[in-house]
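J.: Protein chains in written order, with the working numbering: chain A, 436 to 616; chain B, 2 to 245; chain C, 829 to 1026.
We put the CB at the ideal spot given by N, CA and C, even for glycine.
Quantities reported herein were computed from a predicted structural model and do not represent experimental measurements.
1) In chain order, what residues of the region 131-163 of chain B put their CB closer than 9 angstroms to some CB of chain A?
2) To the nearest angstrom, how far is the alpha carbon of residue 74(B) from that of residue 59(B)?
3) Quick one: give me the first and last residue of the alpha helix (DSSP H) that residue 939(C) is part of.
4) In chain B, which residues lie with their C-beta within 8 angstroms of the C-beta of residue 981(C)?
5) Anyone know if the C-beta pair for residue 552(A) and residue 489(A) falls short of 8 angstroms?
6) Using DSSP bridges, identify the partner residues of residue 192(B).
7) Would DSSP call residue 31(B) helix, strand or coil?
8) Out of 871(C), 963(C), 887(C), which one is the CA nearest neighbour of residue 837(C)?
9) Could you tell me the alpha carbon to alpha carbon distance between residue 957(C) and residue 845(C), rounded to whole angstroms?
10) Is it right to say residue 923(C) is buried, meaning 16 or more other beta carbons lie within 10 angstroms of its own, or is it exposed?
11) Counting only beta-carbon atoms, is residue 522(A) nearer than 8 angstroms to chain C?
12) Whole beta strand (DSSP E) runs in the region 961-1009 of chain C with 3 or more residues, listed along the chain?
13) Might you give, ordered along the chain, the residues of its own chain that have their beta carbon closer than 8 angstroms to the beta carbon of residue 917(C), omitting 5 neighbours on each side?
14) Using a Cβ-Cβ distance cut-off of 8 angstroms, determine whether residue 990(C) contacts chain B.
15) With a cut-off of 8 angstroms, does the C-beta of residue 87(B) fall near any C-beta of chain C?
16) Are the Cβ atoms of residue 879(C) and residue 933(C) separated by less than 8 angstroms?
17) Can you find a C-beta in chain B that's less than 8 angstroms from the C-beta of residue 605(A)?
18) Mapping the DSSP letters down to three states, classify residue 488(A) as helix, strand or coil.
19) For residue 597(A), which option in 519(A), 550(A), 447(A), 441(A) has the closest C-alpha, if you only look at C-alpha atoms?
20) Measuring straight from C-alpha to C-alpha, what distance separates residue 103(B) and residue 53(B)?
21) Determine the contact status of residue 451(A) and residue 1007(C), defining contact as a CB-CB distance below 8 angstroms.
22) Relative to the C-alpha of residue 579(A), which candidate in 561(A), 593(A), 592(A) has its C-alpha closest?
23) Measuring straight from C-alpha to C-alpha, what distance separates residue 484(A) and residue 612(A)?
24) Could you pull out every residue in the same chain whose Cβ sits closer than 6 angstroms to the Cβ of residue 955(C), ignoring the five residues on either side in sequence?
25) Could you compute how far the alpha carbon of residue 966(C) sits from the alpha carbon of residue 1000(C)?
26) Output the residue ranges of the beta strand (DSSP E) runs that lie fully inside the region 860-927 of chain C and measure 3 residues or longer, sorted by chain position.
27) Cβ of residue 473(A) within 8 angstroms of Cβ of residue 453(A)?
28) For the region 46-69 of chain B, list every residue whose C-beta sits within 9 angstroms of some C-beta in chain C, in sequence order.
29) Are the CB atoms of residue 495(A) and residue 511(A) within a distance shorter than 8 angstroms?
30) Under the DSSP definition of a beta bridge, which residues are partnered with residue 70(B)?
31) Can you look up residue 444(A) in the DSSP assignment and give me helix, strand or coil?
32) I want to see whether chain B comes within less than 8 angstroms of residue 985(C), judged by CB atoms only; does it?
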């Protein structure tokens, strides 16, 4: 019981901490921020409920006024900005990612993690993100999608990385990959 | 490549003031000694000094040269000249298996996969741990992990090895074993510690107090002064002040 | 960890958080209901006036937080000028800036503990159903406590990487980083159990 609480809290802290370390490179000089990778990992490692709650806790704390988003951003202002949809999408995306991980047990961990990260961490999160942009910027679906499409390749790579990292964790700390326990 | 008249470790009047806090002030160390100890209390700036020495952070003033190389600016040559071993192996091992962890530095130095693999085998052979090649890190004990970190750094064949409190948390047999290993190394060791006993037999000691050099010179007098001062402080109320 | 509450004390710092949040909701609804550019200009000016009242330091802080919107402002204005509908673009931009500005105003004048009180109040009905909301407060405390700890460990891993490479740390460090978070979670769970548990 305590462990559920601390895993949720520590993964929320992990998402925040990933926003604080400097952008890392992909090896060919493309800098990317790690925060959305943290959201994917919540789902792939903790499973649906705990992963969703961890991401929800993170988003709630941003709303409460803590500078946890990359760049030290936070507060209610981000929820009134065009990126609000993504924030709303984080917990739901983490939940969907975790749900797929929980259900899809007969595939290798890395593959399941990568695919669930794409479906939850990208498809779901971007759906909400694009909708949010449509509403705040008065744009059509196509126009809003156009605005965000530049970020999708980076996030696809992050989903693949989530696969590798989760499969590594399944070897290093098998008891802690709760989506597989 | 390097001037023969300059000492191997050439640190002159270094100041380090991250975010406005003066952590190091006018620290100089110029020595060719092969066993150097840096002693001081926790918070005296020793760990920051270790990072400045290995080029991981750039000093705000003064110069830091190891073997003539400006370690903060010329990272490419620096990683081949100076290596650093941190206190907690869990905070420095990045890869899941021993061979990946050791090969990493070699690959970063520009070696090919085949060359790196040979380097890994060589260092494991030197330490009689060839059976560790495929081992995964999480199977290893704390002391074994510290040894992996050491091997990973030594494989890059630095001239200077900086050790930042490497024995913290190790039990007595493991500590003695690692001490033996370090004593047998044929390079310059710079050992950062708050425990004078660990560096009692060293050639040169630098005592840091609140970011400044309190005293430096041969082991016996400096360590004696250091110990006396530490005991003095221990007799008073040490814990009240907040770091602010 | 520093919160985003402004150190400049204003009268609004003393007003109940629930009231401020309610007013914010109403204001946002109003903003999104009005399409007239003249009104939007007026609202925006009003928002800026609220920032100016407590003094220059507060105004500067507030404007600094609006800076992240400039790419959107530039994009929308350019877009709408190109499609010859500059007026609509102006409305969108003004509305966005005003909404974000007002929301930030609430954040800047409300302490974390006051926000937590609102959350506790909102979670009241859940308590009726037996959900332990004390865990929520504990969870918040844990995140505040451990984010800097994890960030420091992440820095250590970054340094350990840079000690052997001249490039910046790669994605590889996220793995041991996550392991550290998991290990901390196990230790804290133990510490909680040792002090009575949940």
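T.: If we stick to the structure as given:
1) 137, 138, 139
2) Taking the second chain and counting its residues from 1, the one referred to as residue 74(B) is at position 73. Taking the second chain and counting its residues from 1, the one referred to as residue 59(B) is at position 58. The straight-line gap from Cα to Cα measures roughly 8 angstroms.
3) Taking the first residue of the third chain as position 1, residue 939(C) is located at position 111. No alpha helix (DSSP H) holds residue 939(C); DSSP gives it neither H nor E.
4) Mapped onto the third chain, residue 981(C) falls at position 153. Ordered by position in chain B, the residues that pass the 8 angstroms Cβ test against residue 981(C) are 92.
5) Residue 552(A) sits at position 117 when you count from the first residue of the first chain. Residue 489(A) sits at position 54 when you count from the first residue of the first chain. Taking 8 angstroms as the Cβ cut-off, residue 552(A) and residue 489(A) do not qualify as a contacting pair.
6) Position 191 of the second chain, counted from the first residue, corresponds to residue 192(B). BP columns for residue 192(B) point to 38(B), 164(B).
7) In the second chain, the residue the question calls residue 31(B) occupies position 30. In the structure shown, residue 31(B) sits in a strand (DSSP, three-state: E or B).
8) On the third chain, position 9 is the one that residue 837(C) refers to. Ranking the options by Cα distance to residue 837(C), first place goes to 887(C).
9) Position 129 of the third chain, counted from the first residue, corresponds to residue 957(C). Position 17 of the third chain, counted from the first residue, corresponds to residue 845(C). Spanning the two alpha carbons is a distance of roughly 25 angstroms.
10) Position 95 of the third chain, counting from 1, holds the residue named residue 923(C). Buried: at least 16 other Cβ atoms inside 10 Å.
11) What you label residue 522(A) is simply residue 87 of the first chain in a count that begins at 1. Output row for residue 522(A): interface = no.
12) none
13) Mapped onto the third chain, residue 917(C) falls at position 89. So the list reads 904, 905, 907, 908, 909, once near-sequence residues are dropped.
14) Along the third chain, one-based indexing puts residue 990(C) at 162. It does; some Cβ of chain B falls within 8 angstroms.
15) Here residue 87(B) corresponds to residue number 86 of the second chain, with the count starting at 1. Judged by the 8 angstroms Cβ criterion, residue 87(B) is in contact with chain C.
16) The residue labelled residue 879(C) in the question sits at position 51 within the third chain. The residue labelled residue 933(C) in the question sits at position 105 within the third chain. Their beta carbons are under 8 angstroms apart, which means residue 879(C) touches residue 933(C) by this criterion.
17) In the first chain, the residue the question calls residue 605(A) occupies position 170. Output row for residue 605(A): interface = no.
18) Numbered from 1 along the first chain, position 53 holds the residue referred to as residue 488(A). Residue state, collapsed to three classes: helix.
19) Counting from 1 along the first chain, the entry for residue 597(A) is found at position 162. Checking every option, the nearest Cα to that of residue 597(A) belongs to 550(A).
20) Mapped onto the second chain, residue 103(B) falls at position 102. Mapped onto the second chain, residue 53(B) falls at position 52. About 23 angstroms.
21) Here residue 451(A) refers to the residue found at position 16 when the first chain is read from its first residue. Here residue 1007(C) refers to the residue found at position 179 when the third chain is read from its first residue. Not in contact: residue 451(A) and residue 1007(C) (Cβ atoms no closer than 8 angstroms).
22) As a position in the first chain, residue 579(A) is number 144, starting the count at 1. The option with the nearest alpha carbon to residue 579(A) is 561(A).
23) For the purposes of this step, residue 484(A) is identified with residue 49 of the first chain, where counting begins at 1. For the purposes of this step, residue 612(A) is identified with residue 177 of the first chain, where counting begins at 1. Approximately 13 angstroms between the Cα atoms of the pair.
24) Locating residue 955(C) in the third chain gives position 127, where the first residue counts as 1. Closer than 6 angstroms at the Cβ level, and outside the excluded window around residue 955(C), lie 961.
25) Here residue 966(C) refers to the residue found at position 138 of the third chain. Here residue 1000(C) refers to the residue found at position 172 of the third chain. Answer to the nearest angstrom: the Cα atoms are 31 angstroms apart.
26) none
27) Translated into the one-based positions of the first chain, residue 473(A) becomes position 38. Translated into the one-based positions of the first chain, residue 453(A) becomes position 18. Their beta carbons are under 8 angstroms apart, which means residue 473(A) touches residue 453(A) by this criterion.
28) 52, 55, 56, 57, 58
29) As a position in the first chain, residue 511(A) is number 76, starting the count at 1. As a position in the first chain, residue 495(A) is number 60, starting the count at 1. Going by C-beta atoms, residue 511(A) is not nearer than 8 angstroms to residue 495(A).
30) Position 69 of the second chain, counted from the first residue, corresponds to residue 70(B). In DSSP, residue 70(B) forms a bridge with 67(B).
31) In the first chain, residue 444(A) corresponds to position 9, counting from 1. Helix at residue 444(A).
32) For the purposes of this step, residue 985(C) is taken as the residue at position 157 of the third chain. At least one chain B Cβ lies under 8 angstroms of residue 985(C).
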